[in-house]
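This report concerns only the one structure given below.
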Amino acid sequence: MAKTSKATKKFNKKHLKKTLEKRNKAKEYKRRIGNKKALREEKAKNRANGRSAKDGEVFDDMDLEKYFEKKVEVPSVKTKKGSKLGKKSKEEEKSKGEESELEIESESDSKAGSDAESESGAEMEMDKQDLEDLKKEDPEFYKYLKDNDKDLLDFNPVNPMDMVSSDEDDEDKEEAEREKKDKDKEKTQLEVEVTIEMVKSWEKNMMQEKPSIKGIKQAAMAFKAAVNSETDREYRYKVSSGPVFNLLMMVVLKKLPLAIERLSPYKKDARGSRKLGSTSKKLNGRICTIVKLHSTSLLELLDGISKTEMAILVLQSTQELFPYIMSWRKILKILINSVVQVWASSGDFETQVAAFAFLNNVSHEYPKAVLEISLRSMYSGFVKNCRRTNVHTIPSINFQKNSMAELYGEDESLGYRVGFENIRQLAIHLRESVNNPTKESYKAVYNWQVCNALDFWSRMLCLRCNPEAELKSSVKKGRKSGTESPLRQLIYPLVQVTIGTIRLVPSAQFFPLRFYLVRSLIRLSQATGMFIPLFPLISEILTSSVFTKKPRASSLAAVDFDSCIKVNKAYIGTRVYQSGVCDEFIELCAEFFALYCKSIAFPELITPPVIYLRRFRKRKGGNLKFSKQLGTLIDKLNANAKYIESRRATVQYGPSNTQEVSKFLQDVEWEKTPLGAYVKTQREVKEAKMKILRDSLEKEEEEERKREQEKGEGEEEREGDEDASEDDEDGNEDVDMDSDEE
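Quick note: the sequence shown uses UniProt numbering, first residue 1, plus one each step.
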């Protein structure tokens, strides 16, 4: 005999009685209105007997198939005839109902649930159809039922299996809750609380000459649980004590790499790169499993690191394990990206230095596997994090530029490929802005990300394409002496993109951006010896509204052109902005011409600019202060030209002798020339101003910190006063209660 299902037992216990009552109601309803199906069959039979002759005529006129395709309308039947047939069907239905009721009671428990589910849908449709037919054919009887037995017409059969399923859902929820409680109980039973004794035992094991792999794995698992203690993930070990956590961190980060090195020692090749030695496959596989487990913990730790000491410790431990991590390319990329994120986003300078030291060491040790990943990831991280550039973040951003440029000397061919791709991307952005001159397209170019990117590439080329660096690189790579670096080919496209960016929007509002990029090009020209015609870019500002219109007085603060690329519209047309632009013009002109203050062609170089500046100085209604500054600059240029003419009057070679021309005034320092001495003085004055500005900023930061500290102390005092007042209220309530009891 088949076993009765759980659902069937529930149905028999809770729903069988209600189901039988519903069915009896339905049968009573059918006995009242009659069997409509039998009535329809009887009507069709009578109609067929009465119209046989006409049917023959129909078949004579058309084919049999067309006849059956034709729509046949059934004539309505009179009520009296239908009532007689209904009376007969009542008796038949009554007998059938009694038999079916007996069958239901005698059926096995297993059939009861299935019958209820299959019959419910059919009965529902039949009842609805019968009610509609009754309403049309016998409206008087329908009205009588509506007035005297409204519940019968509102009959809405319910599927008993729906009730069963709802009860099953409730029971399933209860079972799920019980299982969850059991799992939580098992979890608490399986979790092992890490103690100081356990950590010391793991440390002792790691210090042995042949440490146990099992002990190392246990320490790594406990370390992972400690790192992920704030997550909902389940681990075998649990670290809830602060001293245990600190001790575990120090032991695992310092001793675990040494223990793994004892089990699987590495060797160093001629370049100093660490290569893993030959160990048994079984031992090597178990060590790799531990290293993979531990590397994921290090990644978690790097993502949320904030303290400098901890960052340095984690990076040192990771570097010691790096030969073992090289086996997993995916983990290697994630690790490099995590360290780059620390290098790019950390606000602490020492943490940035530690992160770069790690990237520099592993890139030099494994250039084929790591260098390209580092270069691309560092540039991407730098561009993302230099969006906000101000006085406070400029030192950190400049460190990122200079440190990133160091890595491009390891493989200059790879550096050229990476640099060309990124400079090309900047050129594409510029071309889209030129072809589609809209406000949004200008924003895609005129932002700190593009400006810092262009400045970085100029710094990198300055570092790698100067004559001294090229000579060292050629000796190191075994090239001919005097061979140019492959990176020098990037100078021309970079200069073109930078000049195009400067001239994209020639508005006075973006003069700070122009000055910023001109400085970048001056630096590039000085380091590489490449001539870049910058005076036209500088002199264009003299035709702007800043100089053609009379300025108005204002109380706005002076503009810091080193830390901004755009000024507010309120500055346009003001005297303070005009004064700042004049100072920048004089400084940039002097810096540009100072690049060639020892050049044998200096007198010819300055002739057109001097004529242009004299004409501008003679115009009426100009700024008197700026006119004096221009006069001083022109005098220094002419004095330097006379100095060069006097020195070249004694040479015995012509312009075609490029080798001798390059040696002209080679032994003379540039500061000894008239223009060089002037530029040196200007730099000292500017440095003094910048020092005053930095001191004032530091003072403001210190005052801000003090205010925040005082604010925090005040909040703590208020919280303490509130707690004390609450305690007093509680004490008063206790006294009142005692007095009531007395």
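Ideal Cβ placement from N, Cα and C applies to all residues, glycine included.
#1: Considering only DSSP beta bridges, list what E193 is partnered with.
#2: Have a look at L256 and N205 and give me their C-alpha separation to the nearest angstrom.
#3: Just to confirm before moving on: does the CB-CB distance between L524 and C451 stay below 7 Å?
#4: Confirm, please, whether the CB-CB distance from V581 to F511 is below 7 Å.
#5: Just checking, does the stretch 379–398 make contact with the stretch 429–442 on the three C-beta pairs under 8 Å criterion?
#6: Nearest by alpha-carbon distance to residue 756: which of G215, E687, K663 and N640 is it?
#7: Give the secondary structure of T389 by DSSP, where H, G and I count as helix, E and B as strand, and everything else as coil.
#8: Count the other C-beta atoms from every protein chain shown that fall within 10 angstroms of the C-beta of A26, then say buried if there are 16 or more, exposed otherwise.
#9: Tell me, to the nearest whole angstrom, how far the beta carbon of K268 is from that of R274; I am working on the premise that it is less than 8 Å.
#10: Rounded to a whole number of angstroms, what is the C-alpha to C-alpha distance between T8 and T19?
#11: My output table needs one value for L624: the three-state DSSP class, helix, strand or coil.
#12: Going along the chain, which unbroken runs of the alpha helix (DSSP H) with 4 or more residues stay wholly within the stretch 434–508?
#13: I586 to A354, Cα distance in whole Å?
#14: How would you call N657, buried or exposed, if buried means at least 16 neighbouring beta carbons within 10 angstroms?
#15: Mind checking D411: buried by the 16 CB within 10 Å criterion, or exposed?
#16: List the endpoints of the continuous beta strand (DSSP E) containing L276.
#17: Quick check: V576 and S554, are their CB atoms within less than 7 Å of each other?
#18: Where does T574 fall in DSSP's three states?
#19: Buried or exposed for D583, please, with buried defined as at least 16 other CB atoms from any protein chain shown within 10 angstroms of its CB.
#20: In angstroms with no decimal places, state the Cα-to-Cα distance between Y235 and V418.
#21: What residue from K384, A601, V227 and R459 has the CA that sits closest to K642's CA?
#22: According to DSSP, is K267 part of a helix, a strand, or is it coil?
#23: Could you please give me the residues that DSSP links to R552 through a beta bridge?
#24: State yes or no: is the C-beta of F223 within less than 7 Å of the C-beta of S297?
#25: Among K333, T501 and S403, which has the Cα closest to the Cα of I423?
#26: Put G121 into one of helix, strand or coil per three-state DSSP.
#27: Per DSSP, what kind of secondary structure is M250 in: helix, strand or coil?
#28: Find out if the Cβ-Cβ distance for the pair R459, A405 is shorter than 7 Å.
#29: Determine the DSSP secondary structure at D162, reduced to helix, strand or coil.
#30: If contacts are defined as beta-carbon pairs under 8 Å, then V251 and E203 qualify, I think. What distance do you get, rounded to the angstrom?
#31: Leaving out five residues before and five after K80 in sequence, what residues of the same chain have Cβ atoms less than 6 Å from its Cβ?
#32: If you drop the 5 nearest sequence neighbours on each side, which residues of the same chain put their C-beta closer than 7 Å to that of I394?
#33: Would you call the stretch 603–612 and the stretch 685–699 in contact, with 3 or more CB pairs under 8 Å?
#34: Check whether the Cβ atoms of S338 and L299 sit closer than 7 Å, and answer yes or no.
#35: Beta-carbon within less than 6 Å of R488's beta-carbon, same chain only, minus the 5 sequence neighbours each way: which residues are those?
#36: Assuming L537 and R514 form a contact by the criterion Cβ under 8 Å, report the distance between their Cβ atoms to the nearest whole angstrom.
On the basis of the supplied data:
#1: What you label residue 193 is simply residue 193 of the sequence shown in a count that begins at 1. E193 pairs with K238.
#2: As a first step, residue 256 must be located in the sequence shown, where it is residue number 256. As a first step, residue 205 must be located in the sequence shown, where it is residue number 205. L256 and N205: Cα-Cα distance of roughly 10 Å.
#3: Position 524 of the sequence shown, counted from the first residue, corresponds to residue 524. Position 451 of the sequence shown, counted from the first residue, corresponds to residue 451. The answer is no: Cβ separation not under 7 Å.
#4: Here the question's residue 511 lines up with position 511 in the sequence shown. Here the question's residue 581 lines up with position 581 in the sequence shown. In contact: F511 and V581 (Cβ atoms closer than 7 Å).
#5: no
#6: The question about residue 756 has no answer here: the residues shown for the chain are numbered 1 through 742.
#7: On the sequence shown, residue 389 is found 389 positions in, with the first residue counted as 1. Note: T389 maps to coil in three-state DSSP.
#8: For this step, residue 26 is matched to residue 26 along the sequence shown. Classification of A26: buried, given that the 10 Å Cβ count is 16 or more.
#9: Position 268 of the sequence shown holds residue 268. Position 274 of the sequence shown holds residue 274. Contact flag correct, Cβ pair sits at about 6 Å.
#10: Translated into positions along the sequence shown, residue 8 becomes position 8. Translated into positions along the sequence shown, residue 19 becomes position 19. Going by the C-alpha atoms only, they are around 13 Å apart.
#11: Walking along the sequence shown from the start, residue 624 turns up at place 624. If DSSP states are grouped into helix, strand and coil, L624 belongs with the helices.
#12: 439–443, 448–464, 467–477 and 491–502
#13: Taking the sequence shown and counting its residues from 1, the one referred to as residue 586 is at position 586. Taking the sequence shown and counting its residues from 1, the one referred to as residue 354 is at position 354. The alpha-carbon atoms of I586 and A354 are separated by roughly 40 Å.
#14: Residue 657 sits at position 657 when you count from the first residue of the sequence shown. Taking all protein chains in view, the Cβ of N657 is surrounded by fewer than 16 other Cβ atoms within 10 Å, so the residue is classified as exposed.
#15: In the sequence shown, the residue the question calls residue 411 occupies position 411. Classification for D411: buried.
#16: Along the sequence shown, read from residue 1 onward, the residue named residue 276 stands at position 276. R274 to L276 is the extent of the beta strand (DSSP E) around L276.
#17: Your numbering for residue 576 matches position 576 in the sequence shown. Your numbering for residue 554 matches position 554 in the sequence shown. Contact flag set, yes.
#18: Taking the first residue of the sequence shown as position 1, residue 574 is located at position 574. The answer is strand: DSSP assigns T574 an E or B state.
#19: The residue you call residue 583 lines up with position 583 of the sequence shown. D583 comes out buried.
#20: Here residue 235 corresponds to residue number 235 of the sequence shown, with the count starting at 1. Here residue 418 corresponds to residue number 418 of the sequence shown, with the count starting at 1. The straight-line gap from Cα to Cα measures roughly 43 Å.
#21: Here the question's residue 642 lines up with position 642 in the sequence shown. When only C-alpha atoms are compared, the closest one is A601.
#22: As a position in the sequence shown, residue 267 is number 267, starting the count at 1. Three-state result, K267: strand.
#23: Start at 1 with the first residue of the sequence shown, and residue 552 comes out as number 552. T574.
#24: What you label residue 223 is simply residue 223 of the sequence shown in a count that begins at 1. What you label residue 297 is simply residue 297 of the sequence shown in a count that begins at 1. Closer than 7 Å, so yes.
#25: Translated into the one-based positions of the sequence shown, residue 423 becomes position 423. The shortest Cα separation from I423 among K333, T501 and S403 belongs to T501.
#26: Against the sequence shown, residue 121 aligns to sequence position 121. Its pLDDT being 49, under 50, G121 is placed unreliably by the model, and the measurement read from it follows with that caveat. Helix at G121.
#27: Counting from 1 along the sequence shown, the entry for residue 250 is found at position 250. It is helical.
#28: As a working mapping, residue 459 is identified with position 459 in the sequence shown. As a working mapping, residue 405 is identified with position 405 in the sequence shown. Contact: yes.
#29: In the sequence shown, residue 162 corresponds to position 162, counting from 1. At D162 the pLDDT is 48, less than 50, meaning the model places this residue with poor confidence; the figure from the coordinates comes in the next sentence. Looking at D162 - three-state DSSP - the assignment turns out to be helix.
#30: As a first step, residue 251 must be located in the sequence shown, where it is residue number 251. As a first step, residue 203 must be located in the sequence shown, where it is residue number 203. About 5 Å separates the two Cβ atoms, so the contact holds.
#31: One-based indexing of the sequence shown puts residue 80 at position 80. Because K80 sits at a pLDDT of 41, beneath the cut-off of 50, its placement in the model cannot be relied upon, and the following sentence gives the value as read from the coordinates. Counting only Cβ-Cβ distances below 6 Å, and skipping sequence neighbours, we find nothing.
#32: Here the question's residue 394 lines up with position 394 in the sequence shown. Around I394: S563.
#33: With a cut-off of 8 Å on Cβ pairs, the stretch 603–612 is not in contact with the stretch 685–699, counting fewer than three such pairs.
#34: Within the sequence shown, residue 338 is the residue found at index 338, counting from 1. Within the sequence shown, residue 299 is the residue found at index 299, counting from 1. In this structure, S338 sits near L299, with a CB-CB distance shorter than 7 Å.
#35: As a working mapping, residue 488 is identified with position 488 in the sequence shown. For R488, where only same-chain residues beyond five positions count, the Cβ hits under 6 Å are C465.
#36: Sequence index remark: in the sequence shown, residue 537 carries index 537 (1-based). Sequence index remark: in the sequence shown, residue 514 carries index 514 (1-based). The Cβ separation is near 7 Å, so the contact holds.
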